[in-house]
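Each remark here refers to the structure printed beneath this line.
Protein chains: 2
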Amino acid sequence: MCDVDTVYIKVDSVNIFLYIATMSSKKKKKTYHHGDLRNSLLVAAEKELRQKGTDISLREVAKVAGVSHTAPYRHFKDKTALLQALAAIGYQRLAEGVRAAKDQHADEPIEAMLGAARAYVELAVNNPEMTQLMFGGVLDQEVIIEEDLGVCSGDAFQALLEVVDLGLEHDVYQSDNRMEIALANWSMVHGLSMLITCGQLSGEAETDESVQGLTRMVGEMLMTGLKKKT
Amino acid sequence: MCDVDTVYIKVDSVNIFLYIATMSSKKKKKTYHHGDLRNSLLVAAEKELRQKGTDISLREVAKVAGVSHTAPYRHFKDKTALLQALAAIGYQRLAEGVRAAKDQHADEPIEAMLGAARAYVELAVNNPEMTQLMFGGVLDQEVIIEEDLGVCSGDAFQALLEVVDLGLEHDVYQSDNRMEIALANWSMVHGLSMLITCGQLSGEAETDESVQGLTRMVGEMLMTGLKKKT
DNA sequence: ACCTGAACACCGTTCAAGT
DNA sequence: ACCTGAACACCGTTCAAGT
Numbered sequence: 046m047c048d049v050d051t052v053y054i055k056v057d058s059v060n061i062f063l064y065i066a067t068m069s070s071k072k073k074k075k076t077y078h079h080g081d082l083r084n085s086l087l088v089a090a091e092k093e094l095r096q097k098g099t100d101i102s103l104r105e106v107a108k109v110a111g112v113s114h115t116a117p118y119r120h121f122k123d124k125t126a127l128l129q130a131l132a133a134i135g136y137q138r139l140a141e142g143v144r145a146a147k148d149q150h151a152d153e154p155i156e157a158m159l160g161a162a163r164a165y166v167e168l169a170v171n172n173p174e175m176t177q178l179m180f181g182g183v184l185d186q187e188v189i190i191e192e193d194l195g196v197c198s199g200d201a202f203q204a205l206l207e208v209v210d211l212g213l214e215h216d217v218y219q220s221d222n223r224m225e226i227a228l229a230n231w232s233m234v235h236g237l238s239m240l241i242t243c244g245q246l247s248g249e250a251e252t253d254e255s256v257q258g259l260t261r262m263v264g265e266m267l268m269t270g271l272k273k274k275t
Numbered sequence: 046m047c048d049v050d051t052v053y054i055k056v057d058s059v060n061i062f063l064y065i066a067t068m069s070s071k072k073k074k075k076t077y078h079h080g081d082l083r084n085s086l087l088v089a090a091e092k093e094l095r096q097k098g099t100d101i102s103l104r105e106v107a108k109v110a111g112v113s114h115t116a117p118y119r120h121f122k123d124k125t126a127l128l129q130a131l132a133a134i135g136y137q138r139l140a141e142g143v144r145a146a147k148d149q150h151a152d153e154p155i156e157a158m159l160g161a162a163r164a165y166v167e168l169a170v171n172n173p174e175m176t177q178l179m180f181g182g183v184l185d186q187e188v189i190i191e192e193d194l195g196v197c198s199g200d201a202f203q204a205l206l207e208v209v210d211l212g213l214e215h216d217v218y219q220s221d222n223r224m225e226i227a228l229a230n231w232s233m234v235h236g237l238s239m240l241i242t243c244g245q246l247s248g249e250a251e252t253d254e255s256v257q258g259l260t261r262m263v264g265e266m267l268m269t270g271l272k273k274k275t
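Going down the list, the protein sequences come from chains A and B.
Plus 45 on top of the position in the first sequence (first one is 1) and you've got the working numbering.
Plus 45 on top of the position in the second sequence (first one is 1) and you've got the working numbering.
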């Protein structure tokens, strides 16, 4: 009743509470989770996602993170909220990948777009479960619980628009409608990604090289067109 | 003990058993499910899919079909098998839609392809949950339990190839690689479908008209190319 | 042959309680 | 403030049993 752990109640200070808890955890069995549990949960969730696919259990995530199965509810409203927060991280990486490709080809707008396409497909193929989580209808994009999801997914689209604008500035496109150009590129690249990650192209997209080849191929086809010139 | 229902055991004939069961069902409460339960389960499953989305419960499907929660196991190995059989129906409709569009434009290969694209996107947008089931990673395409799935999904791709061949016969494409042309078209159309059905384009794809407009737009962009001609 | 009902291990979520 | 443990209603699947 009068041991170290009870002191913090009377002191009523978060910092001191944490300090004592940290100290005592070195002696006793670590029962409380210290530090950023929210983040630990997301890390655990991604590990589970990669291993078991899109249908992961919140209880298992908690177990992997080393807390009780009710602890996640301190940081996320429900299971969907955790998955949305995880998807938000996926969109963040997507935006980063696209911007990195753009910066590498600042003077060659077409190569910048093809590079962005390569980054998009590569990320999707290397993280198929994450891709399915983001775009597979596991979570309703209509009902956004974690605001991060809306922000990050919007920013990813923004990154794509920046690559389009690069081309418009250099006057390389026939059309001057940035939305249309963006949507055509996005659809093409997204479609290829989804077809590969859901296993429809299992025959022709097995190695990294073949995936890159396919990406370049469909990307150039969109740029030059399929129809014969008259 | 000695009423009508027990006769069939001694007779040991399926037909007679079924006949007696049918007769008795008119008098008593219908406890057994007569006729094609397999089909009834698929109908119930699609109803549930449309209502509750991709995460449906096998028990609920059984309840909707009017049988006990273990009855489905007489017709499907497990829940995944039922979902795969349902997805197979989706691929079947896709193949039909594409072929119908092709037959409508037998002399205009480009219009045939654009029509097929329209059919594909339309079907996806009108059945978003089915689309997510087919392509969203809910079921592993790697592990096919219901053989129908493999057959029907292969046939849907076959239908697309037929539309490509129409164009090759009329010599309208720059490339002569049917696989490449097919993949470019498929990626484009599939990407647009998935972006709409997962809610990413909620702003610009609300009405049937706007969806058709977007489909035609990206389709024509692929045909003519984005880049300025030099 | 076809279906039922009890049983098991799991799940998401809530809530009173503990430190 | 942060986490736990019991409890509840649900789920997929198995199996002995019924007609």
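Where a beta carbon is used, it is the ideal one built from N, C-alpha and C, also for glycine.
Bear in mind that the values here come from a model prediction, so they are computed numbers and not experimental data.
**Prompt:** Rounded to a whole number of angstroms, what is the C-alpha to C-alpha distance between Asp185/A and Gly244/A?
**Reply:** Within the first sequence, numbered from 1, the residue matching residue 185/A stands at position 140. Within the first sequence, numbered from 1, the residue matching residue 244/A stands at position 199. So the alpha carbons of these two residues sit roughly 23 Å apart.
**Prompt:** Between Ala201/A, Leu168/A, Ala157/A, Gly182/A, which lies nearest to Gly264/A when the distance is taken from Cα to Cα?
**Reply:** In the first sequence, the residue the question calls residue 264/A occupies position 219. Of the listed residues, the one whose Cα sits closest to Gly264/A is Ala157/A.
**Nearest to Leu82/B (by Cα), restricted to the options Leu94/B, Val112/B, Thr99/B** = The residue you call residue 82/B lines up with position 37 of the second sequence. Closest by alpha carbon: Val112/B.
**Request:** Return the first residue and the last residue of the alpha helix (DSSP H) that Gln149/B is part of.
**Result:** For this step, residue 149/B is matched to residue 104 along the second sequence. Taken as a continuous stretch (DSSP letters only), the alpha helix (DSSP H) holding Gln149/B covers 124-149.
**Prompt:** Counting Cβ pairs, one atom from each stretch, are 3 or more of them under 8 Å apart for the region 229-237 of chain B and the region 231-251 of chain A?
**Reply:** yes
**Message:** Using CA atoms only, rank isn't needed, just tell me which of Glu174/B, Gly181/B, Leu267/B is closest to Pro173/A.
**Reply:** On the first sequence, residue 173/A is found 128 positions in, with the first residue counted as 1. Nearest C-alpha to Pro173/A: Gly181/B.
**Prompt:** With DSSP run on the structure shown, which of helix, strand or coil describes Lys272/A?
**Reply:** Sequence index remark: in the first sequence, residue 272/A carries index 227 (1-based). Three-state result, Lys272/A: strand.
**Request:** Using 10 angstroms around the beta-carbon of Arg119/B, count the other beta-carbons present and answer buried if the total reaches 16, otherwise exposed.
**Result:** Counting from one through the second sequence, the residue named residue 119/B turns up at place 74. Looking at its Cβ environment, which holds fewer than 16 other Cβ atoms inside 10 Å, Arg119/B is exposed.
**Item:** Residue-level contact to chain B via CB, Met266/A, 8 Å cutoff
**Value:** The residue you call residue 266/A lines up with position 221 of the first sequence. Yes, Met266/A lies at the interface with chain B (some Cβ there is under 8 Å from its Cβ).
**Asked** Is the region 102-110 of chain B touching the region 82-92 of chain B, taking contact as three or more C-beta pairs under 8 Å?
**Response** yes
**Request:** Excluding the 5 residues preceding and the 5 following Ala162/A in the sequence, name in chain order all residues of the same chain whose CB lies nearer than 6 Å to its CB.
**Result:** Reading the first sequence from its first residue, position 117 is the one you call residue 162/A. Here the set comprises Val234, Thr260, Gly264.
**Request:** Please confirm if Ile101/B has its CB atom under 8 Å from at least one CB of chain A.
**Result:** Along the second sequence, read from residue 1 onward, the residue named residue 101/B stands at position 56. Closer than 8 Å: no.
**Asked** Which residue comes first and which comes last in the alpha helix (DSSP H) that contains Thr44/B?
**Response** There is simply no residue 44/B to check, as chain B begins at 46 and stops at 275 in what is shown.
**Request:** List the endpoints of the continuous alpha helix (DSSP H) containing Gly236/A.
**Result:** Taking the first sequence and counting its residues from 1, the one referred to as residue 236/A is at position 191. It spans 223-242 - the alpha helix (DSSP H) in which Gly236/A sits, taken as one unbroken run.
**CB contact flag (Tyr136/B, Leu271/A, <8 Å)** = For this step, residue 136/B is matched to residue 91 along the second sequence. For this step, residue 271/A is matched to residue 226 along the first sequence. No, the Cβ-Cβ distance between Tyr136/B and Leu271/A is not below 8 Å.
**Prompt:** For Ser247/A, does the count of other Cβ atoms within 10 angstroms reach 16, so buried, or fall short, so exposed?
**Reply:** Counting from 1 along the first sequence, the entry for residue 247/A is found at position 202. With fewer than 16 Cβ atoms within 10 Å of its Cβ, Ser247/A is classed as exposed.
**Request:** Write down the C-beta distance between Ala130/B and Asp200/B rounded to the nearest angstrom, noting that I regard them as a contact closer than 8 Å.
**Result:** Here the question's residue 130/B lines up with position 85 in the second sequence. Here the question's residue 200/B lines up with position 155 in the second sequence. That belief does not hold up - the Cβ atoms of Ala130/B and Asp200/B are roughly 15 Å apart, past 8 Å.
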